[in-house]
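A.B. asks:
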Amino acid sequence: MAREFTRAQRVGEQIQRELALLIQKEIKDPRLGMITVSAVKLSSDLTHAKVYVTVFGNDANAATESLKILERAAPFLRHALGRQLVLRVMPHLHFVHDVAMEEGSRLHSLIEASVALDKKKSGKDS
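First residue of the sequence shown: 1, per this note's numbering; consecutive thereafter.
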């Protein structure tokens, strides 16, 4: 019977949980906005991890500032993860801004506008 999840997926989920707690409790930079660790994708050899973070707020500048702060804190976070997880090699952390929620809300507003326009047009025809 084949396994449902690969080792990289299981380790990625564990890193995601631990990183969310570490960022919340250990990073004390006031410029860091409200962020969520949405996903962690590991390379097949577990040496590199892309950490997808969602930055809440409307300011695009805040997202880039938060990513810079996280990149500067990456060695500290990697060391703290190494103390909590038992892995032969602790992956290097690379933070990426996850735009999935922003795209979802943008598509939702486009769909709502299209539905409202269709209702307005159908009201004129009848």
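Cβ atoms here follow ideal geometry from the backbone N, Cα and C, with glycine treated the same way.
Would you please state the rounded distance, in angstroms, between the beta carbons of residue 51 and residue 21? I believe it to be under 8 Å.
C.D. replies: Taking the first residue of the sequence shown as 1, we reach residue 51 at position 51. Taking the first residue of the sequence shown as 1, we reach residue 21 at position 21. That belief does not hold up - the Cβ atoms of residue 51 and residue 21 are roughly 14 Å apart, past 8 Å.
A.B. asks: Based on Cα-Cα distance, which residue from 84, 118, 9 and 98 lies nearest to residue 36?
C.D. replies: For the purposes of this step, residue 36 is taken as the residue at position 36 of the sequence shown. Out of 84, 118, 9 and 98, 98 has the C-alpha closest to the C-alpha of residue 36.
A.B. asks: Who are residue 95's beta bridge partners in DSSP?
C.D. replies: In the sequence shown, counting from the first residue as 1, residue 95 sits at position 95. Looking at the DSSP assignment, residue 95 forms a beta bridge with 51.
A.B. asks: Measure the beta-carbon distance from residue 46 to residue 89 and round it to whole angstroms, keeping in mind my assumption that it falls under 8 Å.
C.D. replies: Sequence index remark: in the sequence shown, residue 46 carries index 46 (1-based). Sequence index remark: in the sequence shown, residue 89 carries index 89 (1-based). So it is a contact: roughly 6 Å between Cβ atoms.
A.B. asks: Mind checking residue 1: buried by the 16 CB within 10 Å criterion, or exposed?
C.D. replies: In the sequence shown, the residue the question calls residue 1 occupies position 1. Low confidence applies here, because residue 1 scores a pLDDT of 48, under 50, leaving its location unreliable; read the following figure in that light. Exposed is the call here.
A.B. asks: Throw me the rounded Cβ distance for the residue 53 and residue 5 pair, which I believe falls under 8 Å.
C.D. replies: Translated into the one-based positions of the sequence shown, residue 53 becomes position 53. Translated into the one-based positions of the sequence shown, residue 5 becomes position 5. Not really, about 22 Å apart at Cβ, beyond 8 Å.
A.B. asks: Any idea which residues DSSP pairs residue 36 with across the strands?
C.D. replies: Here residue 36 refers to the residue found at position 36 when the sequence shown is read from its first residue. Residue 36 pairs with 54.
A.B. asks: Going by the beta-carbon positions, is the gap between residue 15 and residue 39 smaller than 8 Å?
C.D. replies: Within the sequence shown, numbered from 1, the residue matching residue 15 stands at position 15. Within the sequence shown, numbered from 1, the residue matching residue 39 stands at position 39. Cβ distance not < 8 Å, so residue 15 and residue 39 don't count as in contact.
A.B. asks: For residue 67, which residues in the same chain have their Cβ closer than 7 Å to its Cβ, ignoring the five residues on either side in sequence?
C.D. replies: As a working note, residue 67 is residue 67 in the sequence shown. Excluding positions up to five away in sequence, the list reads 95 and 97.
A.B. asks: So, are the CB atoms of residue 82 and residue 56 less than 8 Å apart?
C.D. replies: Working through the sequence shown from its first residue, we reach residue 82 at position 82. Working through the sequence shown from its first residue, we reach residue 56 at position 56. No; because the gap between Cβ atoms is not below 8 Å, this pair is not in contact.
A.B. asks: Using three-state DSSP, classify residue 1 as helix, strand or coil.
C.D. replies: To locate residue 1, count along the sequence shown from 1; it is residue 1. Annotation note: pLDDT 48 at residue 1 (below 50); position unreliable, coordinate value reported separately. Note: residue 1 maps to coil in three-state DSSP.
A.B. asks: Would you kindly work out how many angstroms separate the C-alpha atoms of residue 112 and residue 122, rounded to a whole number?
C.D. replies: In the sequence shown, counting from the first residue as 1, residue 112 sits at position 112. In the sequence shown, counting from the first residue as 1, residue 122 sits at position 122. Looking at the two C-alpha atoms, the distance is approximately 15 Å.
A.B. asks: If distances are taken between C-alpha atoms only, which option among 115, 17 and 23 comes closest to residue 72?
C.D. replies: Position 72 of the sequence shown, counted from the first residue, corresponds to residue 72. Selected option, being the one with the closest Cα: 23.
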